[in-house]
Each structure stands twice: as C-alpha cells, then as structure tokens.
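Q: My structure is below; once you've seen it, I'll send some questions.
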Amino acid sequence: MKSRGKIGGGGVFGGWSSLGLPAVLLLCIFFFFLGFFGSSLLSQQVETESSLHPRPRVLKEEEYDPLPRGDSGDDSFTTIPFQILSWRPRALYFPGFATAKQCESIIKMAKVKLAPSTLALRKGETAENTKGIRTSSGMFISSSEDKTGILALIEKKIERATMIPRSNGEAFNVLRYEIGQRYNSHYDAFNPTEYGPQKSQRIASFLLYLSDVEEGGETMFPFENGENADANYDFRKCIGLKVRPRRGDGLLFYSLYPNGTIDPSSLHGSCPVIKGQKWVATKWLRNEEEYD
Ligand SMILES: *[C@@H]1O[C@H](CO)[C@@H](O)[C@H](O)[C@H]1NC(C)=O
Numbered sequence: 571m572k573s574r575g576k577i578g579g580g581g582v583f584g585g586w587s588s589l590g591l592p593a594v595l596l597l598c599i600f601f602f603f604l605g606f607f608g609s610s611l612l613s614q615q616v617e618t619e620s621s622l623h624p625r626p627r628v629l630k631e632e633e634y635d636p637l638p639r640g641d642s643g644d645d646s647f648t649t650i651p652f653q654i655l656s657w658r659p660r661a662l663y664f665p666g667f668a669t670a671k672q673c674e675s676i677i678k679m680a681k682v683k684l685a686p687s688t689l690a691l692r693k694g695e696t697a698e699n700t701k702g703i704r705t706s707s708g709m710f711i712s713s714s715e716d717k718t719g720i721l722a723l724i725e726k727k728i729e730r731a732t733m734i735p736r737s738n739g740e741a742f743n744v745l746r747y748e749i750g751q752r753y754n755s756h757y758d759a760f761n762p763t764e765y766g767p768q769k770s771q772r773i774a775s776f777l778l779y780l781s782d783v784e785e786g787g788e789t790m791f792p793f794e795n796g797e798n799a800d801a802n803y804d805f806r807k808c809i810g811l812k813v814r815p816r817r818g819d820g821l822l823f824y825s826l827y828p829n830g831t832i833d834p835s836s837l838h839g840s841c842p843v844i845k846g847q848k849w850v851a852t853k854w855l856r857n858e859e860e861y862d
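Take the position in the sequence shown, starting the count at 1, then add 570; the result is the number in the working numbering.
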C-alpha cells in the first residue's frame, strides 16, 4: 500500500521526469503520426462517401451570389436541365420535367373525358375527308379545372422554362394513342393563307410525355435540317428526327422563327404506336393571350 501510494504521490510530472527526455520525445512522435494517419484515413472515408453519393448538379448559391431581384423575380437560382435536340427545328428536351406520380394523376383525370381528337380544318377540308390523319383520343383541361393543382405546377414550370407567360398558353390537350394510332406530320402554327386570318399564332409547343411507350409512338420531325422537304414526302412516313416518349420528360419546340414566320422544319407528327400505349399532354404557347 505504502509503496503504491508513493508512486502515485509522485504525480504525473514525477512520472514523466522519471521516463526521461528521449522517451517523451518518442511518445510525442508516436502521437503525431497516429494523428496524421488517423486524419488521412478519415478524410479518405469522406471522399469515398461523396463519390458514392454524387453531388446534385445544382448551382450553389455560395458560388454564385444571386443579384438583387426585381419585384417579380426570384431570390434564388433555379436549374431545369435540358438538352438541345436540334436547331432546325429549335427543339429542346427536358428530362424528368414531371414526376411519375404527377403523370399518373394527369392520366387519371383525363381518362374519364377522352373523345376522338379533332383537327383544325383548312378550306375545303371536312371531318370526313381528313379521317385517319389524327387517330388519337384526347381532351382539353385547363389548370384552373384541376383541383389537385398538378397542372398549375406543370404550367408554372413550363412558364419558367420558356419565359412565355402562362396566360399565353392554351388549355392542356391530353392525348392517348393506342396501338396503330398516329398523327400525320403537320404544323402546330396556322398559316393564314391556308387557315384564314388568325387572332394569334402558336409560337411553340411543349409536350409532356405521361407514359413510356414500349415500341413506336415517337414524335418525329421529318424535315429536320431541311431534309426530305420535297414535294414527295408522304405525311404518314415516320422519318427524320425521332423523339422516343419517356414518362415525365418534356419536349419543347418552336414553330416560328424569331422573325415570326413559320419554320418549315417544325413539321412534326406522331409515329404509330406499335406496342403499348402513349399518353402525352400538350401545351401550345401563343404570341397573344387571345385565341379562337
Ligand atoms: C425569317 O427568318 C428565316 C430564318 O432566319 C429566314 O429564312 C426568312 O427569310 C425570314 N423571313 C422574313 C420574312 O424575314
């Protein structure tokens, strides 16, 4: 007991001094390296973790300071990813524009009101002699009719992506194409020499694909880059730039050149569905709030 007490009584300092200077130095070096390698091990672990969970590709606000905004602007950055599919026509692709759940809800609200799709008729055209050009079923629904608020959300996102105000958009046209159903190539814009004077013109079209399609059902632009644009083109033929529908993805294309004339390469159609079913919601954007 006594001898133990004595050692303890020597205290820490007594202990250190009895170890001697070289031993203390060795201990210091030991703890230094322990700390050094320990920390590098830890940081390695952090690195592997961040490569397992790649950082979302968003603008970081600490890297880009938002500017003081105007009254109607945003106080933060927004990213809506897109891919340029083509310059002739000016076509953009927006992956993951809507969620699968949003798409399902839109299909659900449209299903109960589907009717055979109709065409805007040129002079001399009748429902009878244009049969077979557009064989889908569809319905129109405005965002104000949708009590779930999903269409309003989508509409606001389209507005942000295009900066064409919501009030310039027509109601959503939700379409269903079943096997064999199609839409021959056509323009969304109305040429006044064919359709007569127009209150306003369609500038651009935003297509939101609500379903995947197992086979067929692509949106096609047969005159991409001025190709095939001769008199021999068969408007049913599925050629040119083809966009495969994928649920939740968006396709935006402009029907007019910046100078307001119709871009011939914006001619487009829907290839027949071969397998599965195609659901799409179309939003036509106009140069005026008024339309027929
Ligand atoms: C409008 O722009 C297109 C594409 O740049 C051009 O080919 C066309 O000649 C222009 N039309 C008019 C009327 O300026």
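Here a beta-carbon is modelled for each residue, glycine too, at the ideal position from N, C-alpha and C. The model shown is predicted, which means the values in this text are computed figures rather than measured ones.
State the Cα-Cα distance for the pair residue 743 and residue 853, rounded to the nearest angstrom.
A: Working through the sequence shown from its first residue, we reach residue 743 at position 173. Working through the sequence shown from its first residue, we reach residue 853 at position 283. About 7 Å.
Q: Please report the straight-line C-alpha distance between residue 858 and residue 770, rounded to a whole angstrom.
A: Locating residue 858 in the sequence shown gives position 288, counting from the first residue. Locating residue 770 in the sequence shown gives position 200, counting from the first residue. Going from the Cα of residue 858 to the Cα of residue 770 covers about 6 Å.
Q: Is residue 790 buried or exposed, if buried means 16 or more other CB atoms sit within 10 Å of its CB?
A: For this step, residue 790 is matched to residue 220 along the sequence shown. Classification for residue 790: buried.
Q: Relative to the C-alpha of residue 820, which candidate in 724, 683, 836 and 658 has its C-alpha closest?
A: The count along the sequence shown starts at 1 and reaches residue 820 at position 250. Comparing Cα positions, the closest option is 724.
Q: Return the first residue and the last residue of the beta strand (DSSP E) that residue 853 is part of.
A: Within the sequence shown, numbered from 1, the residue matching residue 853 stands at position 283. Looking at the DSSP string, the run of the beta strand (DSSP E) that includes residue 853 is 848 to 856.
Q: When you measure from the CB of residue 829 to every non-hydrogen atom of ligand 1, does any distance come out below 6 Å?
A: Translated into the one-based positions of the sequence shown, residue 829 becomes position 259. In this structure, the C-beta of residue 829 approaches ligand 1 to less than 6 Å from one of its heavy atoms.
Q: Could you check whether residue 792 and residue 809 sit closer than 7 Å to each other, using their CB atoms as the reference points?
A: Along the sequence shown, read from residue 1 onward, the residue named residue 809 stands at position 239. Along the sequence shown, read from residue 1 onward, the residue named residue 792 stands at position 222. Closer than 7 Å, so yes.
Q: Go ahead and pull the three-state DSSP assignment for residue 720.
A: By one-based count along the sequence shown, residue 720 stands at place 150. Looking at residue 720 - three-state DSSP - the assignment turns out to be helix.
Q: Going by the CB atoms, is the gap between residue 686 and residue 835 shorter than 7 Å?
A: For this step, residue 835 is matched to residue 265 along the sequence shown. For this step, residue 686 is matched to residue 116 along the sequence shown. Result no, Cβ atoms of residue 835 and residue 686 do not sit closer than 7 Å.
Q: Would you say residue 794 and residue 656 are within 7 Å of each other, going by their C-beta atoms?
A: The count along the sequence shown starts at 1 and reaches residue 794 at position 224. The count along the sequence shown starts at 1 and reaches residue 656 at position 86. Yes, Cβ-Cβ distance for residue 794 and residue 656 is below 7 Å.
Q: Who are residue 789's beta bridge partners in DSSP?
A: The sequence position of residue 789 within the sequence shown is 219, counting from 1. Under DSSP, residue 789 shares a beta bridge with 813 and 840.
Q: For residue 850 and residue 803, what's the separation of their Cα atoms in angstroms?
A: In the sequence shown, residue 850 corresponds to position 280, counting from 1. In the sequence shown, residue 803 corresponds to position 233, counting from 1. For residue 850 and residue 803, the distance between alpha carbons rounds to 26 Å.
Q: Verify whether the separation of the beta carbon atoms of residue 747 and residue 787 is less than 7 Å.
A: The sequence position of residue 747 within the sequence shown is 177, counting from 1. The sequence position of residue 787 within the sequence shown is 217, counting from 1. It is a contact, given that the beta carbons lie within the stated cut-off.
Q: Residues in its own chain within less than 6 Å of residue 812 by CB, not counting five upstream and five downstream?
A: Here residue 812 refers to the residue found at position 242 when the sequence shown is read from its first residue. Answer for residue 812: 788 and 790, listed in chain order.
Q: With three or more C-beta pairs closer than 8 Å as the rule, is the region 685 to 699 touching the region 826 to 846?
A: no
Q: By alpha-carbon positions, which one of 779, 676 and 815 ends up nearest to residue 722?
A: As a first step, residue 722 must be located in the sequence shown, where it is residue number 152. Nearest in C-alpha terms to residue 722, of all of 779, 676 and 815, is 676.
Q: Let's see if you can read the secondary structure: which residues bound the alpha helix (DSSP H) around residue 670?
A: Here residue 670 corresponds to residue number 100 of the sequence shown, with the count starting at 1. Run containing residue 670: 670 to 681, per the alpha helix (DSSP H) assignment.
Q: For the alpha helix (DSSP H) containing residue 765, list its first residue and its last residue.
A: Taking the first residue of the sequence shown as position 1, residue 765 is located at position 195. 762 to 765 is the extent of the alpha helix (DSSP H) around residue 765.
Q: According to DSSP, which residues form a beta bridge with residue 693?
A: Taking the sequence shown and counting its residues from 1, the one referred to as residue 693 is at position 123. Its beta-bridge partners do not exist; DSSP assigns none.
Q: Have a look at 720, 755 and 785 and flag the residue whose alpha-carbon is nearest the alpha-carbon of residue 778.
A: Position 208 of the sequence shown holds residue 778. Measuring from the Cα of residue 778, the nearest candidate turns out to be 720.
Q: Can you tell me the Cα-Cα spacing of residue 824 and residue 664, whole angstroms?
A: The sequence position of residue 824 within the sequence shown is 254, counting from 1. The sequence position of residue 664 within the sequence shown is 94, counting from 1. Taking the straight line joining both Cα atoms gives about 14 Å.
Q: Alpha carbon to alpha carbon, how far is residue 644 from residue 652? Give it in angstroms, no decimals.
A: As a position in the sequence shown, residue 652 is number 82, starting the count at 1. As a position in the sequence shown, residue 644 is number 74, starting the count at 1. Distance between residue 652 and residue 644, taken at the CA atoms: about 20 Å.
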